[in-house]
Amino acid sequence: MNNQEIVERLSNTFGPSGFERDVAAAVREIVEPYVDEIRSDSLGNVLVTKRGSSERKLMIDAHMDEIGFMVSFIEESGFLRFSTIGGWDARIIPSHRMTIRTDDGDDVHGVVGTLPPHLLSAEERVRPYRLDELFIDIGASDAAAVRDLGIRIGSPAVIHYPFQQLQGDMVTGKALDDRAGCAVLLATLAALAEETPELTVVGAFTVREEVGLIGAGTAAFQVEPDLALVLEGTIGADMPGVAPTRQVTRIGAGPAITVADGSQIVKPELVTFLTGIADATGIPWHYKLPPFGGTDGGVIQRSRAGVRSASVSIPCRYIHSPFSVMRMSDFDQTVALTTEFARRGHELIESA
Ligand SMILES: [Zn+2]
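Position in the sequence shown counted from 1, then plus 23, gives you our numbering.
Written out as structure tokens, the structure is:
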């Protein structure tokens, strides 16, 4: 599989926070040839180890979960009410197709129905739908038919948006936040497969980021890294109507390096180290504008006695919506920067 095929497979995989099992299975299968050890912990984090020439550890984190939904009530008429998993803008949920995962592991499709304009009053036409007005229609005739499918209160769901190639090397998929990061981590481990870096590299494919950076916290506690790097598919905001001061990252400008966000301030020597590596190897890069967003780095840096932690992001437009858009050249450049960071991270530890 090439990089784009890995992104496609991971983006299409079902995995809202708390229900990452399919993503974990895909990650384990892809990473197997590249690492010395693979294990999963009790929350579902997948921790893979590529042994280096020293015991000192670099943990590279990418979260496996995506934002999604959970069935919250089944109407007698067979319609499903739902609550959100992670940060949604309720205005953009109506009129999308949904995939609901049953107890048997099957996928059931449905739609988030809305009233036709014919039935809307003048006031209703300008008012966004509220979450509590929405429902999923799977075509079931009553609640018993829903239950017979293996759908119950608590069944998880995601919006159905298959991966597509757009113009040039632009791609779109439902879960680039953060399957793009997971795919960068897989491609980095593949690039390191034939060498022995100084640092032991632990790939942490973590769970439940979108509901509170949970898996990364427990992963860092176990791994006890000497250095950490977080990979994110983050806010690409180079679009019409957005002022340059709010264009947090830009598509086509290469990896975005975090100085500070809502969850952390990155140590300045770590930022300089990353930008120095990028400049020395000819990788285009840009700063992610502070203070927008937040990443697993916010909990990793405060693990135990503290961890040096940096974040590098692949710019993705429209995150936390039914789909996002990414440029594969940004992806490939993020792999190059992450790989070089893994090769040279020991220099940073030695100079500290
Ligand atoms: Zn994310």
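Think of the CB as a built atom: it goes at the ideal place given N, C-alpha and C, for glycine as much as any other residue.
Residue i, buried or exposed, once every other Cβ within 10 Å from all chains shown has been counted against 16
i    : result
F354 : buried
A333 : buried
F96  : exposed
M87  : buried
G321 : buried
M121 : buried
M24  : exposed
G285 : exposed
F244 : exposed
P139 : exposed
I176 : exposed
L189 : exposed
G264 : exposed
S34  : buried
H369 : buried
S178 : buried
R340 : buried
G302 : The question names Gly, but residue 302 in the sequence shown is Asp. Result: exposed.
V149 : exposed
G191 : exposed
S326 : buried
Q187 : exposed
DSSP beta-bridge partners of residue i
i    : result
M87  : Partner(s): none; M87 has no beta bridge.
L252 : I83, A333
D59  : According to DSSP, which records beta bridges pairwise, D59 is partnered with nothing at all.
C339 : I258
T107 : F92
L70  : R62, A227
P39  : E89
S344 : Paired residues: none, contrary to the question.
Q287 : D284
I161 : BP columns for I161 are empty, so no partner.
T272 : G259
Residue i CB to nearest heavy atom of ligand 1 below 7 Å
i    : result
E232 : yes
D201 : yes
G256 : yes
H369 : no
H132 : no
H86  : yes
Residue interval of the beta strand (DSSP E) (run including residue i)
i    : result
P179 : 179-182
F186 : Segment: none, F186 is in no beta strand (DSSP E) and carries neither H nor E.
G133 : 130-135
T196 : According to the sequence displayed, residue 196 carries Gly and not Thr. Segment 193-196, the beta strand (DSSP E) holding G196.
R124 : 120-124
Residue interval of the alpha helix (DSSP H) (run including residue i)
i    : result
S34  : 26-35
H309 : H309 -> not in any alpha helix (DSSP H); beta strand (DSSP E) instead, spanning 309-311.
H369 : 351-374
F1   : Nothing about residue 1 can be reported from this structure: the residues present for the chain run from 24 to 375 only.
I53  : 44-54
R170 : 166-171
R15  : Residue 15 lies beyond the stretch modelled for the chain, which goes from 24 to 375, so this question has no answer here.
A279 : Counting along the chain, A279 falls outside any alpha helix (DSSP H), though it belongs to the beta strand (DSSP E) covering 279-281.
F102 : Counting along the chain, F102 falls outside any alpha helix (DSSP H), and DSSP gives it neither H nor E.
I116 : I116 -> no alpha helix (DSSP H), and no H or E assigned at all.
F244 : 237-246
E146 : 145-149
V322 : 320-323
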